[in-house]
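Taking it in order: structure first as structure tokens, then the write-up.
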Amino acid sequence: MHLHPYFPPSLELEGYIAPTWSASALLTTMGCAVGLLLATTYLAFSQKQHSRGPLPVADVAAAMWFVLCGTMHTGFELYYLVHFRSIASTQDILGNMWKEYAKSDSRYLSQSSMVLTLETITVAVIGPLCWGAAYGIWSQRLAVRYLCQLTASMLHLYSVLLYYGTELLSPEPNCRPEALYFFGYFVLANLPWLLVPLYLAITSTSKICDSMRLAQHVTRGAYNTIQ
Numbered sequence: 001m002h003l004h005p006y007f008p009p010s011l012e013l014e015g016y017i018a019p020t021w022s023a024s025a026l027l028t029t030m031g032c033a034v035g036l037l038l039a040t041t042y043l044a045f046s047q048k049q050h051s052r053g054p055l056p057v058a059d060v061a062a063a064m065w066f067v068l069c070g071t072m073h074t075g076f077e078l079y080y081l082v083h084f085r086s087i088a089s090t091q092d093i094l095g096n097m098w099k100e101y102a103k104s105d106s107r108y109l110s111q112s113s114m115v116l117t118l119e120t121i122t123v124a125v126i127g128p129l130c131w132g133a134a135y136g137i138w139s140q141r142l143a144v145r146y147l148c149q150l151t152a153s154m155l156h157l158y159s160v161l162l163y164y165g166t167e168l169l170s171p172e173p174n175c176r177p178e179a180l181y182f183f184g185y186f187v188l189a190n191l192p193w194l195l196v197p198l199y200l201a202i203t204s205t206s207k208i209c210d211s212m213r214l215a216q217h218v219t220r221g222a223y224n225t226i227q
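Under my numbering, the first residue of the sequence shown carries the number 1, and numbering increases by one thereafter.
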């Protein structure tokens with residue numbers, strides 16, 4: 001008999017130790033940390049002055065998103081990679097958070113190679129791209145911003161679709177059946193990484209296409225002037 005709350009019930013978790021923090025305490029702590037990070041980012045970017053004045057609201061919102069993603073990818077998810085093999089027995093607050101989230105996807109505790117691969121790409125590639133996009137917004141280096149924004153957004157879309165798909169098509173569920181864990185944790189908690197990147201990818205593509213059309217127009221104008 002396996003004494004743990006994860007699915008499937010037959011799952012073996014060697015060295016598993018039950019979390020010491022309650023779910024409500026973990027969610028409150030996470031919510032406060034995210035709120036503080038977003039508020040700090042908003043204050044920093046909304047007061048940033050450029051030659052054309054303060055940053056537009058849309059740019060500030062994009063910066064908040066990328067700082068949040070960069071922090072989670074290179075902080076919270078880096079923790080997961082470091083403790084990949086021992087997270088089932090880890091008892092600090094971040095380990096407790098991962099064990100709470102694993103109620104919606106036990107692959108995070110069962111040393112799944114698919115999850116490890118996705119998280120490695122997220123930490124090593126997507127995280128730095130998010131920081132690059134945030135830097136591009138801060139410095140108004142548009143080429144850096146939109147290249148990083150488009151690449152990070154496309155990788156977010158790919159990883160979330162792969163993550164959803166592999167679980168939904170799995171012959172054996174890794175998520176507890178309660179609505180809180182399936183709809184709350186698994187679906188809704190990951191949904192922003194599908195919807196926001198889709199919008200940002202479309203925006204980036206539009207900006208890049210506009211810049212290319214403008215460059216082409218300028219080049220043709222210069223060529224005609226020479227002729």
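The beta carbon of each residue, even a glycine, is placed where N, CA and C say it ideally should be.
Remember, it's a predicted structure, so these values are computed and weren't measured experimentally.
Taken through DSSP and simplified to helix, strand or coil, GLN49 comes out as strand. When C-beta atoms of the region 89-103 are compared with those of the region 42-51, fewer than three pairs fall below 8 Å, so the two segments do not count as touching. For PRO54, DSSP records a beta bridge to GLN49. In the structure shown, PHE7 adopts coil according to DSSP, grouped into three states.
Within a 10 Å sphere around the beta-carbon of GLU172 sit fewer than 16 other beta-carbons, which makes this residue exposed.
Across the set ALA23, TRP131, THR40 and ALA33, the C-alpha of TRP131 shows the shortest separation from the C-alpha of HIS73. If you draw a straight line from the Cα of LEU150 to the Cα of VAL160, it is about 15 Å long.
Around PRO197, the same chain offers SER153, HIS156 and LEU157 as residues with beta carbons nearer than 6 Å, after the five sequence neighbours per side are excluded. If only complete runs of 4 or more residues are kept, the region 164-225 shows no alpha helix (DSSP H) anywhere. Taken atom to atom, the span from the alpha-carbon of THR40 to that of CYS69 is near 14 Å. Looking at the backbone, the Cα of PHE183 and that of PHE66 are separated by about 24 Å. Per DSSP, reduced to three states, the secondary structure at PHE76 is helical. Here DSSP, grouped into helix, strand and coil, assigns ILE93 to helix. For secondary structure counted as the alpha helix (DSSP H) over 4 or more consecutive residues, the region 94-129 holds these complete runs in sequence order: 113-121. GLU12 counts as exposed, since fewer than 16 other beta carbons sit within 10 angstroms of its beta carbon. Counting the other CB atoms within 10 Å of its CB gives GLU77 a total of 16 or more, which places it among the buried residues.
By the criterion of at least three beta-carbon pairs nearer than 8 Å, the region 85-96 is in contact with the region 17-31. Counting only the Cα atoms, THR120 lies some 25 Å from LEU38. In the structure shown, ALA88 adopts helical secondary structure according to DSSP, grouped into three states.
Taking a 10 Å sphere around the C-beta of GLY127, we find 16 or more other C-beta atoms and assign the residue as buried. Assignment of HIS83 by DSSP, reduced to helix, strand and coil, places it in the coil class.
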